[in-house]
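Counting from 1, position 46 in the sequence shown corresponds to residue 462 in this note's numbering; the numbering is continuous, with no gaps. Virtual Cβ for every residue (Gly too), placed ideally from N, Cα, C.
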Amino acid sequence: AGLLNSVIALTYYIRVAKVLFMDKAGAEPRGHAGWLQPLTVGLLAAATLYLGVCWGPLSAAAASAARDFGRILP
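Okay, here's the thing in structure tokens:
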């Protein structure tokens with residue numbers, strides 16, 4: 417099983433290396449995200465900054481969920 421998994425992973429990573437180093441340089445990426453990509457990046461960056469500064473409520477919610485999860489399981 418480990419050998420098979422290694423072969424599958426090697427195949428994947430060789431394909432990534434081929435695209436990086438052997439395909440044509442300057443090929444345009446397919447598709448265009450338009451306004452959605454900057455909006456998504458901005459929202460995720462704002463959420464990361466907010467949770468990095470005000471992590472107390474998130475920590476309390478996680479602790480409460482862990483306590484509740486312990487009560488549910490036998």
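Only counting the same chain, and skipping five residues up and downstream in sequence, which positions put a Cβ closer than 6 Å to that of ALA463? Within the sequence shown, the letter at position 47 stands for residue 463. Cβ within range, chain order: n/a, list empty.
Answer yes or no: do LEU474 and LEU465 have a C-beta to C-beta separation smaller than 9 Å? For this step, residue 474 is matched to residue 58 along the sequence shown. For this step, residue 465 is matched to residue 49 along the sequence shown. By the CB criterion at 9 Å, LEU474 and LEU465 fall outside the cutoff.
Report the three-state DSSP secondary structure of ALA482 (helix, strand or coil). Along the sequence shown, one-based indexing puts residue 482 at 66. Under the three-state reduction of DSSP, ALA482 is assigned to helix.
DSSP three-state assignment for GLY418, whether helix, strand or coil: The count along the sequence shown starts at 1 and reaches residue 418 at position 2. Residue state, collapsed to three classes: helix.
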